[in-house]
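K.L.:
Here it is, the structure in full.
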Amino acid sequence: MKSSTLQAINAARAARRAAVVVTDLSDGASEVFLEGASFPPEWDNLIVEALRSGRAGVAAVEGRSLFVNVHLPPPRIVAIGAVHISQALAELAAVAGFDMTIIDPRTAFATAERFGAIELLAEWPEDILPSRPLDRYTALAALTHDPKIDDYPIRAALEAGCFYVGALGSRKTHAARVERLEQAGVPADAIGRIKAPIGLNIGAASPAEIAIAILAEIIESLRRRDPSGREGGAK
Amino acid sequence: MSKEPNILDPLEVAETWCSDGRKVALATVIETWGSAPRPIGSHLVIDEEGNFQGSVSGGCVEGAVIAEAMEIIDSGTPKILEFGVADETAWRVGLSCGGRIRVYVERIDG
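Top line first, the protein sequences correspond to chains E and P.
Just add 6 to the spot in the first sequence (first one is 1) and you have our numbering.
Just add 26 to the spot in the second sequence (first one is 1) and you have our numbering.
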């Protein structure tokens, strides 16, 4: 491997971009491909599948033995709202291997006593997100019901191509949200990507059950996302 | 970004070692059968003095990989190593968990 290849892999990882490295095992020649780029046609399936599954492996293509390695940024969940559901979601996220951050400007909610070691930012989303940008490996769960707090991060998540954008609230609440987003000029297909009511429909009732429904929906969006970058972050 | 590499991240370590002018080899798990301690894609980075970071097994075969890596740093020719209980070297450096792994070892050049 050339040191320039190594640098390209590390630069992609530092920028939280997915990278695939294809190495020809006969001569050691290797190439790096970044998610969202166009791939050589004979390798397209291999690379897209590696990005989709996150799994590395050896493959034979046109008589060559290739090793395909894949480096995906670690997925993370950003929850807007330091509410009861977020408390349960924080515990579950750790078990499932997600990093988690909670943002809530209401300092009465955002207390270490309620959330322990989870990263908790008692700031307005519009103040904190520019310095901690959302990306395609981030799931955003808007959980306050309060348009003043939720609407900005929902728009930011759609623009950033987050693989999941979910918003708590009844169908009526969501209809009002859709209207506000339309008036703010958010395109209809982007609004259509919002999961609302949030969470898989498993009849969840308690905060913990709703957190499980949300986490399951986040995992589904992560594992079934379109890795080509042609459809934004999620289907 | 900090200049201090994360020692749990072999690729970061490899880049830092290269930029320090050290000669470096990278070992990668490319195939596994049965129970294997580290998944495909796992890395171990080695320098010409035998310093290393990362892992390709649970500590069973790293010693053998490091010895081979020092030769590969000299020759520049990449090599595929195979380890498993069925291997004739199993009594020395086999995998206690009963699986088999193949490890690709290459020099980082230029």
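The beta-carbon is built from N, C-alpha and C at its ideal position, and this holds for glycine as well.
Bear in mind the structure is a predicted one, so any value in this text is a computation, not a measurement.
Quick one, are the C-beta atoms of E/D110 and E/T150 less than 9 angstroms apart?
P.N.:
Position 104 of the first sequence holds residue 110 of chain E. Position 144 of the first sequence holds residue 150 of chain E. Going by C-beta atoms, E/D110 is nearer than 9 angstroms to E/T150.
K.L.:
Tell me, please, whether the CB atom of E/V38 is closer than 9 angstroms to any CB atom in chain P?
P.N.:
Within the first sequence, residue 38 of chain E is the residue found at index 32, counting from 1. Closer than 9 angstroms: no.
K.L.:
Do P/V82 and P/I134 count as a contact pair if the criterion is CB distance below 9 angstroms?
P.N.:
On the second sequence, residue 134 of chain P is found 108 positions in, with the first residue counted as 1. On the second sequence, residue 82 of chain P is found 56 positions in, with the first residue counted as 1. Going by C-beta atoms, P/I134 is not nearer than 9 angstroms to P/V82.
K.L.:
Taking the continuous beta strand (DSSP E) assigned at E/D105, which residues delimit it?
P.N.:
Numbered from its first residue, the first sequence carries residue 105 of chain E at position 99. Segment D105 to I109, the beta strand (DSSP E) holding E/D105.
K.L.:
Which of the three DSSP states, helix, strand or coil, is assigned to E/T144?
P.N.:
The count along the first sequence starts at 1 and reaches residue 144 of chain E at position 138. In the structure shown, E/T144 sits in a strand (DSSP, three-state: E or B).
K.L.:
Relative to the C-alpha of E/A88, which residue among E/W130, E/A65, E/V67 and E/N75 is closest?
P.N.:
As a working note, residue 88 of chain E is residue 82 in the first sequence. The shortest Cα separation from E/A88 among E/W130, E/A65, E/V67 and E/N75 belongs to E/W130.
K.L.:
Excluding five sequence neighbours on each side, which residues of the same chain lie with their C-beta closer than 6 angstroms to the C-beta of P/S68?
P.N.:
Within the second sequence, the letter at position 42 stands for residue 68 of chain P. The answer, listed in chain order, is V55 and V82.
K.L.:
Output needed for E/G239: all residues of its chain with C-beta closer than 6 angstroms, excluding positions within five of it in sequence on either side, in chain order.
P.N.:
Taking the first residue of the first sequence as 1, we reach residue 239 of chain E at position 233. Confidence at E/G239 is low in this model, with a pLDDT of 38, below 50, so its placement is unreliable and the value that follows should be read with caution. Contacts found: R142, G167, C168 and F169.
K.L.:
Chain E beta carbons: is any one of them nearer than 9 angstroms to that of P/P63?
P.N.:
Taking the first residue of the second sequence as 1, we reach residue 63 of chain P at position 37. Cβ-Cβ to chain E under 9 angstroms: no for P/P63.
K.L.:
Show which residues of chain E have a CB atom less than 8 angstroms away from the CB atom of P/D135.
P.N.:
The count along the second sequence starts at 1 and reaches residue 135 of chain P at position 109. The answer, in chain order, is M7, K8 and S9.
K.L.:
Rounded to a whole number of angstroms, what is the C-alpha to C-alpha distance between E/L40 and E/A14?
P.N.:
In the first sequence, residue 40 of chain E corresponds to position 34, counting from 1. In the first sequence, residue 14 of chain E corresponds to position 8, counting from 1. The straight-line gap from Cα to Cα measures roughly 9 angstroms.
K.L.:
Just the Cα atoms here: how many angstroms apart are E/L126 and E/R120?
P.N.:
The sequence position of residue 126 of chain E within the first sequence is 120, counting from 1. The sequence position of residue 120 of chain E within the first sequence is 114, counting from 1. Distance between the alpha carbons of E/L126 and E/R120 is about 10 angstroms.
K.L.:
Quick check on P/G67 - is its C-beta less than 9 angstroms from some C-beta in chain E?
P.N.:
As a working mapping, residue 67 of chain P is identified with position 41 in the second sequence. Chain E contact via Cβ: present.
K.L.:
Going by DSSP, what residue range makes up the alpha helix (DSSP H) through E/H180?
P.N.:
Taking the first residue of the first sequence as 1, we reach residue 180 of chain E at position 174. Where E/H180 is concerned, the enclosing alpha helix (DSSP H) stretches over R177 to Q189.
K.L.:
Using the three-state DSSP reduction, which class does P/T103 fall into: helix, strand or coil?
P.N.:
Walking along the second sequence from the start, residue 103 of chain P turns up at place 77. If DSSP states are grouped into helix, strand and coil, P/T103 belongs with coil.
K.L.:
For E/N16, does the three-state DSSP call read helix, strand or coil?
P.N.:
In the first sequence, counting from the first residue as 1, residue 16 of chain E sits at position 10. Three-state result, E/N16: helix.
K.L.:
Under a three-way DSSP split, which group does P/K49 fall into?
P.N.:
Residue numbering aside, residue 49 of chain P sits at position 23 when the second sequence is read from its first letter. In the structure shown, P/K49 sits in coil (DSSP, three-state: anything other than H, G, I, E or B).
K.L.:
Using beta-carbon positions only, say whether E/I225 and E/A102 come within less than 9 angstroms of one another.
P.N.:
What you label residue 225 of chain E is simply residue 219 of the first sequence in a count that begins at 1. What you label residue 102 of chain E is simply residue 96 of the first sequence in a count that begins at 1. Against a cut-off of 9 angstroms, the Cβ pair of E/A102 and E/I225 comes out as a contact.
K.L.:
Please state the DSSP three-state secondary structure of E/R33.
P.N.:
Counting from one through the first sequence, the residue named residue 33 of chain E turns up at place 27. Correcting the residue type first, residue 33 of chain E is Asp in the shown sequence and not Arg. Reduced to three states, the DSSP call for E/D33 is coil.
K.L.:
Please determine if the region 63–70 of chain E and the region 79–88 of chain E are in contact, where contact requires at least 3 C-beta pairs separated by less than 8 angstroms.
P.N.:
The answer is no - the region 79–88 of chain E does not touch the region 63–70 of chain E, with fewer than three Cβ pairs under 8 angstroms.
K.L.:
Determine whether the Cβ of E/N16 lies closer than 9 angstroms to any Cβ atom of chain P.
P.N.:
Position 10 of the first sequence, counting from 1, holds the residue named residue 16 of chain E. It does; some Cβ of chain P falls within 9 angstroms.
K.L.:
For P/P104, which residues in chain E fall below 7 angstroms Cβ to Cβ?
P.N.:
Position 78 of the second sequence holds residue 104 of chain P. Those within 7 angstroms of P/P104 in chain E are G34.
K.L.:
Around the Cβ of P/I33, are there at least 16 other Cβ atoms within 10 angstroms (buried) or fewer (exposed)?
P.N.:
In the second sequence, the residue the question calls residue 33 of chain P occupies position 7. Exposed.
K.L.:
Could you give the uninterrupted runs of the alpha helix (DSSP H) lying entirely in the region 66–115 of chain E, keeping only those of 4 residues or more?
P.N.:
Runs of the alpha helix (DSSP H) inside the region 66–115 of chain E: 90–102.
K.L.:
Considering only their Cβ atoms, is the gap separating P/E57 from E/V64 smaller than 9 angstroms?
P.N.:
For the purposes of this step, residue 64 of chain E is taken as residue 58 along the first sequence, with counting starting at 1. For the purposes of this step, residue 57 of chain P is taken as residue 31 along the second sequence, with counting starting at 1. Their beta carbons are under 9 angstroms apart, which means E/V64 touches P/E57 by this criterion.
K.L.:
Note down the Cα distance separating E/S59 from E/V26, rounded to an integer number of angstroms.
P.N.:
Translated into the one-based positions of the first sequence, residue 59 of chain E becomes position 53. Translated into the one-based positions of the first sequence, residue 26 of chain E becomes position 20. Spanning the two alpha carbons is a distance of roughly 12 angstroms.
K.L.:
Out of E/A211, E/G34 and E/R161, point me to the one whose CA is closest to E/A194's CA.
P.N.:
What you label residue 194 of chain E is simply residue 188 of the first sequence in a count that begins at 1. The candidate whose alpha carbon is nearest that of E/A194 is E/R161.
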